[in-house]
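A.B. asks: Each residue of the sequence shown is one higher than the one before, counting from 32 in the numbering used here.
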Amino acid sequence: MGTAATAAAAAAGEGARSPSPAAVSLGLGVAVVSSLVNGSTFVLQKKGIVRAKRRGTSYLTDIVWWAGTIAMAVGQIGNFLAYTAVPTVLVTPLGALGVPFGSILASYLLKEKLNILGKLGCLLSCAGSVVLIIHSPKSESVTTQAELEEKLTNPVFVGYLCIVLLMLLLLIFWIAPAHGPTNIMVYISICSLLGSFTVPSTKGIGLAAQDIFHNNPSSQRALCLCLVLLAVLGCSIIVQFRYINKALECFDSSVFGAIYYVVFTTLVLLASAILFREWSNVGLVDFLGMACGFTTVSVGIVLIQVFKEFNFNLGEMNKSNMKTD
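Next comes the structure, spelled out in structure tokens:
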């Protein structure tokens with residue numbers, strides 16, 4: 032019995048590798064910086080689109096739009112590095128930090144409103160992100176190429192991908208041409224559903240790359256897997272890029288960024304939970320903590336965006352109190 036228990040414990044340890052504290056700290060640092068960079072991308076691209084419309088030219092000729100595009104590329108590279116260091120459920124929710132940063136930047140560059148409730152929402156988004164960091168899993172459930180291949184061929188994950196593909200086809204070829212310019216959820220749904228491919232592909236590339244340069248029979252399989260995941264990642268990023276710019280042409284950058292964060296994060300966490308099973312290493316207390324953290328972030332984002340048109344500030348509150356007295 033003792034030998035069996037020891038073997039089971041060893042197997043569990045292999046299936047859930049805990050990164051070193053230094054790796055976790057580095058991954059978190061990169062993720063935070065990337066979220067801030069990503070938070071500026073929509074604002075800069077929107078600014079470039081507005082400037083180009085005023086001149087009557089294409090936004091492809093505007094330097095501010097290109098600055099936002101380069102910032103997006105830098106942010107994605109940072110996310111890639113973060114995903115290779117720490118679990119997906121630890122990196123993805125940190126994108127919330129980009130929402131308040133983007134809202135503050137938009138208030139200066141695009142003159143979009145940010146009242147006292149919006150500032151409170153920024154504070155709640157940051158506080159919720161801290162709670163997510165504290166309670167998220169610190170161990171990896173998939174650590175080798177063989178485990179990754181097994182997860183990718185899991186019938187549950189394959190079924191999920193088929194549903195996502197069907198929804199994308201309906202949205203891109205049928206719903207988007209008719210309702211995309213008037214309904215913000217159409218473009219957000221397309222970009223968020225593509226996150227079901229981009230984030231797992233990014234994580235998978237990092238795992239497969241570990242075996243590519245080893246002289247063993249699995250290196251060729253790892254190379255093929257890495258190329259397939261790169262192709263999927265490239266296609267999904269190109270399509271996301273196209274529809275993000277379509278959305279920015281029609282809608283407020285901060286509204287788009289806020290709703291996009293909530294929907295994108297939810298779908299990415301769902302896809303990661305099905306593929307990587309990272310939630311299997313989370314206890315009840317940490318699960319409730321992450322749920323509360325994500326709820327806090329979502330409430331903060333709602334405060335930033337839903338009440339942004341309200342002319343509400345501390346000065347008016349003080350005047351109202353003085354009149355009442």
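Just so it is clear, CB atoms sit at the ideal spot from N, CA and C, and this is done for glycine as well.
#1: Suppose you measure from the CA of A62 to the CA of A113; what does that come to, to the nearest Å?
#2: In whole angstroms, what is the alpha-carbon distance linking A207 and L279?
#3: Buried or exposed: which applies to E143, given that a residue is buried once 16 or more other Cβ atoms fall within 10 Å of its Cβ?
#4: Taking S223 as part of the alpha helix (DSSP H), name the residues at either end of that continuous run.
#5: Look up G44 in the DSSP assignment and say whether it is helix, strand or coil.
#6: How many angstroms separate the CA atom of V316 from the CA atom of V122?
#7: Under DSSP, the alpha helix (DSSP H) around I101 begins and ends at which residues?
#8: So, with DSSP's three-state summary, where would you put K144?
#9: Taking its Cβ as the centre, do 16 or more other Cβ atoms sit within 10 Å of V189, making it buried, or is it exposed?
#10: Whose CA, out of V195, V217, Y90, lies closest to the CA of W205?
#11: Which residues in the same chain as P131 place their Cβ atom closer than 6 Å to its Cβ, once the five residues preceding and following it in sequence are excluded?
#12: Are the Cβ atoms of T115 and G265 separated by less than 8 Å?
#13: Between A302 and S134, what straight-line distance do the alpha-carbon atoms span, to the nearest angstrom?
#14: I need the DSSP call for S89, collapsed to helix, strand or coil.
#15: To the nearest angstrom, report how far apart N185 and M321 are at their CA atoms.
#16: Hey, how far is the Cα of L125 from the Cα of V64?
#17: Report all residues from its chain with a CB closer than 6 Å to the CB of S284; omit the five preceding and five following residues, and keep chain order.
#18: Give me the Cα-Cα distance between A43 and F287, rounded to the nearest whole angstrom.
#19: Note down, in chain order, each residue of its chain lying with its Cβ closer than 6 Å to the Cβ of A36, except the 5 sequence neighbours on either side.
#20: Can you tell me whether M32 is buried or exposed, with buried defined as 16 or more other CB within 10 angstroms of its CB?
#21: Of the residues C255, P212, G106, E180, which one's Cα is nearest the Cα of L306?
#22: Output the boundary residues of the alpha helix (DSSP H) element that contains L202.
#23: Quick check on F295: buried or exposed, where buried means 16 or more other Cβ atoms within 10 Å of its Cβ?
#24: Determine the DSSP secondary structure at D283, reduced to helix, strand or coil.
#25: Determine the DSSP secondary structure at T184, reduced to helix, strand or coil.
#26: Check each candidate in K84, A83, A98, N110 and name the one with the smallest Cα separation from G58.
#27: Quick check on the burial criterion: 16 or more other C-beta atoms within 10 angstroms. Buried or exposed for L201?
#28: Can you tell me the Cα-Cα spacing of A289 and V333, whole angstroms?
#29: Cutting at 7 Å between CB atoms, please list the residues of its own chain near I194, excluding the five before and the five after it.
#30: In three-state terms, what does DSSP make of G211?
C.D. replies: Quick look at the numbers:
#1: Translated into positions along the sequence shown, residue 62 becomes position 31. Translated into positions along the sequence shown, residue 113 becomes position 82. Computed Cα separation, rounded: 6 Å.
#2: Position 176 of the sequence shown, counting from 1, holds the residue named residue 207. Position 248 of the sequence shown, counting from 1, holds the residue named residue 279. Distance between the alpha carbons of A207 and L279 is about 14 Å.
#3: Along the sequence shown, one-based indexing puts residue 143 at 112. Buried.
#4: Counting from one through the sequence shown, the residue named residue 223 turns up at place 192. Element bounds for S223: 215 to 243.
#5: Working through the sequence shown from its first residue, we reach residue 44 at position 13. Residue placement at G44 is poorly supported in this model, since its pLDDT is 42, which falls under 50; the coordinates still yield a value, given next. In the structure shown, G44 sits in a helix (DSSP, three-state: H, G or I).
#6: One-based indexing of the sequence shown puts residue 316 at position 285. One-based indexing of the sequence shown puts residue 122 at position 91. Taking the straight line from one Cα to the other gives about 20 Å.
#7: The residue labelled residue 101 in the question sits at position 70 within the sequence shown. That run of the alpha helix (DSSP H) goes 94 to 116.
#8: Along the sequence shown, one-based indexing puts residue 144 at 113. Looking at K144 - three-state DSSP - the assignment turns out to be coil, as it is neither helix nor strand.
#9: One-based indexing of the sequence shown puts residue 189 at position 158. When all chains shown are included, V189 counts as exposed.
#10: Locating residue 205 in the sequence shown gives position 174, counting from the first residue. Selected option, being the one with the closest Cα: V217.
#11: Translated into the one-based positions of the sequence shown, residue 131 becomes position 100. Taken in chain order, the residues that qualify are C153, S156.
#12: Taking the sequence shown and counting its residues from 1, one reaches residue 115 at position 84. Taking the sequence shown and counting its residues from 1, one reaches residue 265 at position 234. Going by C-beta atoms, T115 is not nearer than 8 Å to G265.
#13: On the sequence shown, position 271 is the one that residue 302 refers to. On the sequence shown, position 103 is the one that residue 134 refers to. One C-alpha to the other measures close to 28 Å.
#14: Stepping through the sequence shown from its first residue, residue 89 is reached at position 58. Here S89 sits in coil by DSSP.
#15: Position 154 of the sequence shown, counting from 1, holds the residue named residue 185. Position 290 of the sequence shown, counting from 1, holds the residue named residue 321. So the alpha carbons of these two residues sit roughly 26 Å apart.
#16: The count along the sequence shown starts at 1 and reaches residue 125 at position 94. The count along the sequence shown starts at 1 and reaches residue 64 at position 33. Computed Cα separation, rounded: 10 Å.
#17: Walking along the sequence shown from the start, residue 284 turns up at place 253. Counting only Cβ-Cβ distances below 6 Å, and skipping sequence neighbours, we find F73, V74, K77, A137.
#18: In the sequence shown, residue 43 corresponds to position 12, counting from 1. In the sequence shown, residue 287 corresponds to position 256, counting from 1. Note that A43 has pLDDT 40, beneath the 50 cutoff, so the model's placement of it is unreliable and the number below is only indicative. Those two C-alpha atoms are separated by around 42 Å.
#19: In the sequence shown, residue 36 corresponds to position 5, counting from 1. Bear in mind that the predicted position of A36 carries a pLDDT of just 40, short of 50, making it too unreliable to give a figure here.
#20: Locating residue 32 in the sequence shown gives position 1, where the first residue counts as 1. Bear in mind that the predicted position of M32 carries a pLDDT of just 43, short of 50, making it unreliable; the figure below should be weighed with that in mind. Its Cβ having fewer than 16 others within 10 Å, M32 is exposed.
#21: To locate residue 306, count along the sequence shown from 1; it is residue 275. Cα-wise, what sits closest to L306 is E180.
#22: Mapped onto the sequence shown, residue 202 falls at position 171. Neither: L202 is in no alpha helix (DSSP H) and is coded neither H nor E.
#23: Translated into positions along the sequence shown, residue 295 becomes position 264. So F295 counts as buried.
#24: Walking along the sequence shown from the start, residue 283 turns up at place 252. Correct three-state label for D283: coil.
#25: The residue given as residue 184 occupies position 153 in the sequence shown. If DSSP states are grouped into helix, strand and coil, T184 belongs with coil.
#26: Working through the sequence shown from its first residue, we reach residue 58 at position 27. If we check each option's Cα against that of G58, N110 comes out closest.
#27: Taking the sequence shown and counting its residues from 1, one reaches residue 201 at position 170. Label assigned to L201: exposed.
#28: In the sequence shown, the residue the question calls residue 289 occupies position 258. In the sequence shown, the residue the question calls residue 333 occupies position 302. Cα-Cα distance, rounded: 8 Å.
#29: The residue you call residue 194 lines up with position 163 of the sequence shown. Excluding sequence neighbours, I194 sits near nothing in its chain.
#30: Position 180 of the sequence shown, counted from the start, is the residue given in the question as residue 211. Reduced to three states, the DSSP call for G211 is coil.
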